[in-house]
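Trainee:
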Amino acid sequence: MYKFENMEQVVSLAGLLHDLYKSVDMNWNFTHVGIEQNNKNSASSEKIISFLEKKIEPSDFLEKLKIIVSDYYEDIGFKNKNLKQIKGIILKASEYSANERKKEQMKETDLRSKQLNSIFESISIRDNKRKTASEMKYMYKLGIISPENIFPEEVKNEGNMNFEEDLHKHIENFFKEMEEIKVENYSAFYSQIYTLLEKYTWCIALDTQNKSSDISLFDHLRNTSALALASYKYYKEKGLLDKEECSEEENQFLVIIGDINGIQDFIYDEMEIDGAAKLLRGRSFFVKILSDVISLYLIKELELNISNIVLTAGGKFYVIAPNTQETNEKIKKIKKKLNDYLYRRFFGQLFVNIVTVESNGNEISKNFNKIIEYSNILLDENKSTKFSEQIMENPVFNVDYYESDGRKSTAIDRLNEELKKMGEKIPKSEYIGVIFDSEKLSEERKETFEIIENLNIKFFNRIEIKEYKEKEKIDMLLSLNNTEIIKGYPMIFRFTNNYTPMENKVIKSFDDISKSAKGNQKIAVYKADVDNLGMIFSIGLKGNTELDKEYNKKVNSEKKGKTDYNSLSRIATLSRNMEYFFSYWLNQELSKQNEEIKINGTEYLLDFKDIYVLYSGGDDLILIGSWDKIIFTAYYIRKKFEEYTTENDNITISGGIAIVHPKIQISRGVDIANELEEKAKESNEDKDSLAIFNKAFKWEKFEEIFGFAEQLFNIAVKEENNAQESDVQNKKILSQGFLYRNYRYVKMAEKFWEQSEKGNPDFRLLTYISKFEYDYGRNIREKLEKLKKEEIKELMKVYKEHFNEEITEKAFINNYMGIVLNYVLNANRKNNNREVE
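Our numbering applies: residue 1071 is where the sequence shown begins, and numbers increase by one.
Below, the structure is given as structure tokens:
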């Protein structure tokens, strides 16, 4: 048990638990949760109060918490005016968290049968028209977070007829696991409840009164807790706790936005070929954990809770704090301290860009997207003056050489060695312990990694963390990609891509990875991100005309207008679901090492064993792997993303695949992939495209292109070892020489189309048709006549027709045949053969 230390802890916990009744009161039979009550509205409160009494030492603070939780919805008139004010703060925080709940007063539904809708289904960026409630069919089944459960299911007609029974079981499991919490301090108690809420209530709808609800109960609870604590601290410092309530226009909140600048330069700078895979893994993970650790450090220094980190999106973090003088002064000191350290240790490569935006309840509840947009402007402006103070104080870096084991090394060399060690640890680790005070470490210091000054992390596997004897040293435990609650620790889930190809427990080099490629032993870099993400967050959640009409019928004339759908909790739900896909699902899927996919009706077994996740999180990813496997893995990820986002064509992904030598500077491969990604996005108005071999195409053409390429490869491969030279049926049909000549013909067709677009075609280029016909007649026709396999004859018929088709904007010959031939030539290539031009 532990004891409350102050009222801030009471307010924060009350905010986190206030709406938990929804997950219980949707049940009719309260014996399922161990309570017999005549008044069903108080059943959940009684359950929560019973739990609190078992876990928290008796005190006046506990009594206040019990009153706030039990009487949340019934204003029975508190005798204590201060307590009544605190209740009002939590009520307002709830309203600010999810303003839509107050506004969307549509037709009521059965409380026991409302599932959580997928937020992706309601997004529209083209006509700014969301689906109506009756049109929304994708919902989440009840279950703890898992790679399978996070995918919504299309529900027909009445939906899940067993939903009430499933909910009974789900809630029982939640309370059963909550009863197992055993901690001795508030931080651990709060974080374990927070983590359990994410584990169980991520899939429960906040609002069961409406025909559709796409905000999860978890996001609403955590944001209400954050806003309530920030608001209470503001009231307290301003001496307003006796006041009825703040105006919705009063800037009581301070949104702190942090972003790590210089990531690309840091990750790829001066990378030697030997050990590049380990160093890349270490560097890319470091910038990810750096952002996490800084946000945790911020809330520690500002005396806030984990809930106050309301968003982590696109490499940025957003913290809700009270807009007080004390907060602003602390932030200035924190910024200075962090960047002093980063400047010294990383020689100006990494900079933590922190800005603040004052805000009020009205903006938080209706236009949080505007806060995000404004903060991006401030972050861009701040980049131009980064390290200005540090440069004035210390304009010259000291990179003296040091003698170690008879070798000279610099601070940079030692840093790289440390990051390599981190890179080796990551794939084998399941937990990370964050230690705010490194003085607690003593002899353990060698086993930890310093992230910022006086703040270290320590890696654990499942056995090590359970056997660790000094729990008090760990200030926060990050559980990587698993949802098991470790007793006794303050902990949160952190989903991150730590999957890395291994051989004999050692990270494979890129050279080793290339050796598993088909034909040409090269690697590919795949870079992709979600299209129009800014628009998705800024206008994708805007109102729907039909919904607004329904709403306007139910409210007074002065309140009529366009309903706003950009509350903090809706944006948080959207951001978290994006993170689940790129940081959680992708890692777990690749860990399976293989998966089946259909291409034009043919089953293909995808091999993930040599796919290296350089980065994946927020809304983008960078993968490295053998060139042929990356191509089909990219398509598989896109198909799963389409499924994950309810096949909403407003939410798409575009990417570029660069095929490079395994010994190239990997930064160059990423640069080429980035250029190809831009080419894909610019290739058509709707984006939703892939670029490879310097050609871009819509994803919808992938199966046609690469299904055809695979078929051609299968008749171009070398004859089997046992085949006799005279055995025509087993001999290859397409030689490399023939394919190379065909590739030159395709380039002629492409050039003719480019010139035609500009109005000055060179008709001599059309001679490729006669050249192809001659080549085909001399090298292919006789082979086909002797073949018995009709499917090969049919395939070559289609192939020949493509070379004879008219060159147009959509013709296969000038748009896709170059990709097909590039694939076949690379797949059929011996390493001593010439490159494709």
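Ideal Cβ positions, reconstructed from N, Cα and C, are used throughout, including at glycine.
Helix, strand or coil for Asn1423 per DSSP?
Mentor: DSSP places Asn1423 in strand when its eight states are reduced to three.
Trainee: Per DSSP, what are the beta-bridge partners of Lys1859 in this structure?
Mentor: According to DSSP, Lys1859 bridges with nothing at all.
Trainee: Note down, in chain order, each residue of its chain lying with its Cβ closer than 6 Å to the Cβ of Ser1645, except the 5 sequence neighbours on either side.
Mentor: The residues are Leu1381, Ala1383.
Trainee: Return the residue from the list Asp1690, Met1818, Glu1712 that minimises the CA-CA distance to Val1770.
Mentor: A small correction: the amino acid at residue 1770 is Glu; Val does not occupy that position in the sequence shown. Closest option to Glu1770, Cα to Cα, is Glu1712.
Trainee: So, is Leu1782 buried or exposed, given that buried needs 16 or more other C-beta atoms within 10 angstroms?
Mentor: Buried, because 16 or more other Cβ atoms sit within 10 Å of the Cβ of Leu1782.
Trainee: My guess is that Ile1681 and Lys1699 are in contact by the Cβ rule of under 8 Å, so how many angstroms apart are they, rounded?
Mentor: Between Lys1699 and Ile1681 the Cβ distance is about 6 Å, and since that is below 8 Å, they are a contact.
Trainee: Is the distance from the Cβ of Thr1265 to the Cβ of Leu1287 below 9 Å?
Mentor: In this structure, Leu1287 does not lie closer than 9 Å to Thr1265 by Cβ.
Trainee: With DSSP collapsed to three states, give me the class of Ala1168.
Mentor: Here Ala1168 sits in coil by DSSP.
Trainee: On a Cα-Cα basis, can you pick out the residue from Lys1588, Lys1543, Asn1531, Ile1862 that is closest to Asn1552?
Mentor: Nearest C-alpha to Asn1552: Asn1531.
Trainee: Our contact map puts Lys1870 next to Tyr1846 with C-beta atoms below 8 Å; I'd like the distance itself, whole angstroms only.
Mentor: Contact flag correct, Cβ pair sits at about 6 Å.
Trainee: Please classify Glu1174 as buried or exposed, where buried requires at least 16 other C-beta atoms within 10 Å of its C-beta.
Mentor: For Glu1174, the predicted structure reports a pLDDT of 46, less than 50, and the residue's modelled location is therefore unreliable. The matter cannot be settled from this model.
Trainee: Count the C-beta pairs between the region 1576-1591 and the region 1360-1374 that are closer than 8 Å, then say yes if the count reaches three, no if not.
Mentor: No, the region 1576-1591 does not touch the region 1360-1374.
Trainee: Between which two residues does the beta strand (DSSP E) harbouring Glu1666 extend?
Mentor: It spans 1664-1669 - the beta strand (DSSP E) in which Glu1666 sits, taken as one unbroken run.
Trainee: For the beta strand (DSSP E) that Val1380 lies in, which residues bound it at each end?
Mentor: That run of the beta strand (DSSP E) goes 1379-1383.
Trainee: Assign Arg1353 to one of three DSSP states: helix, strand, or coil.
Mentor: Reduced to three states, the DSSP call for Arg1353 is helix.
Trainee: On a Cα-Cα basis, can you pick out the residue from Glu1428, Asp1410, Lys1405, Leu1485 that is closest to Gln1460?
Mentor: With distances taken between Cα atoms, Gln1460 lies closest to Asp1410.
Trainee: So is Ala1084 buried or exposed if we call it buried at 16+ other beta carbons inside 10 Å?
Mentor: Ala1084 is buried by the Cβ-count criterion.
Trainee: Note the first and the last residue of the continuous beta strand (DSSP E) segment covering Asp1599.
Mentor: 1593-1600 is the extent of the beta strand (DSSP E) around Asp1599.
Trainee: Suppose contacts are defined by Cβ-Cβ distances below 9 Å. Is Ser1192 in contact with Lys1201 by that definition?
Mentor: Yes, these two residues count as a Cβ contact at 9 Å.
Trainee: At which residues does the beta strand (DSSP E) containing Ala1779 begin and terminate?
Mentor: Taken as a continuous stretch (DSSP letters only), Ala1779 belongs to no beta strand (DSSP E), being part of the alpha helix (DSSP H) at 1772-1784.
Trainee: When the Cα of Asn1678 is compared with those of Ile1694, Ile1736, Asn1754, Lys1516, which residue comes out closest?
Mentor: Sequence inspection shows Phe at residue 1678; the Asn mentioned does not correspond to that position. The residue with the shortest Cα to Cα distance from Phe1678 is Ile1694.
Trainee: Mind checking Ile1447: buried by the 16 CB within 10 Å criterion, or exposed?
Mentor: By the neighbour-count rule (16 or more Cβ atoms within 10 Å), Ile1447 is not buried but exposed.
Trainee: Mind listing, in chain order, the continuous alpha helix (DSSP H) runs of no fewer than 4 residues lying wholly within the region 1208-1267?
Mentor: Runs of the alpha helix (DSSP H) inside the region 1208-1267: 1233-1248.
Trainee: Under a Cβ-count criterion, where at least 16 other Cβ atoms within 10 Å of its own Cβ denotes burial, should Asn1910 be classed as buried or exposed?
Mentor: For the chain, the structure presents residues 1071 to 1907; residue 1910 sits outside this window and is missing.
Trainee: Are the Cβ atoms of Lys1541 and Ile1251 separated by less than 9 Å?
Mentor: No, they are not a contact pair.
Trainee: Evaluate the contact criterion for the region 1857-1865 versus the region 1725-1739: three or more CB pairs, one atom per stretch, below 8 Å.
Mentor: No, the region 1857-1865 is not in contact with the region 1725-1739.
Trainee: May I have the straight-line CA-CA distance separating Arg1811 from Leu1857, to the nearest angstrom?
Mentor: Going by the C-alpha atoms only, they are around 23 Å apart.
Trainee: Do you know offhand how far Val1683's Cα is from Trp1697's?
Mentor: When rounded, the distance between both Cα atoms is 14 Å.
Trainee: Take Glu1234 as the anchor and find which of Phe1417, Glu1573, Thr1278 has the nearest alpha-carbon.
Mentor: Nearest C-alpha to Glu1234: Thr1278.
Trainee: Examine the Cβ distances between the region 1757-1765 and the region 1874-1882 and report whether three or more of them are shorter than 8 Å.
Mentor: Not touching, per the Cβ criterion.
Trainee: Please confirm whether Asn1568 and Pro1465 have their CB atoms less than 9 Å apart.
Mentor: Taking 9 Å as the Cβ cut-off, Asn1568 and Pro1465 do not qualify as a contacting pair.
Trainee: Report the option in Leu1087, Lys1151, Asn1150 whose CA atom is closest to the CA atom of Val1139.
Mentor: For the residues Leu1087, Lys1151, Asn1150, the minimum Cα distance to Val1139 belongs to Leu1087.
Trainee: Would you kindly check if the distance between the Cβ of Ala1346 and the Cβ of Phe1580 is under 9 Å?
Mentor: Against a cut-off of 9 Å, the Cβ pair of Ala1346 and Phe1580 comes out as a contact.
Trainee: Spatial neighbours of Glu1554 within its chain, please: CB distance less than 7 Å, with the 5 preceding and 5 following residues excluded, ordered by chain position.
Mentor: No residues qualify anywhere along the chain.
Trainee: Can you give me the Cβ contacts of Asn1432 inside the same chain, cut-off strictly under 7 Å, excluding the 5 residues immediately before and after it?
Mentor: Same-chain partners within the cutoff: Glu1318, Glu1319.
Trainee: Using the Cβ count rule (16 or more neighbours within 10 Å means buried), how would you classify Asp1832?
Mentor: Exposed.
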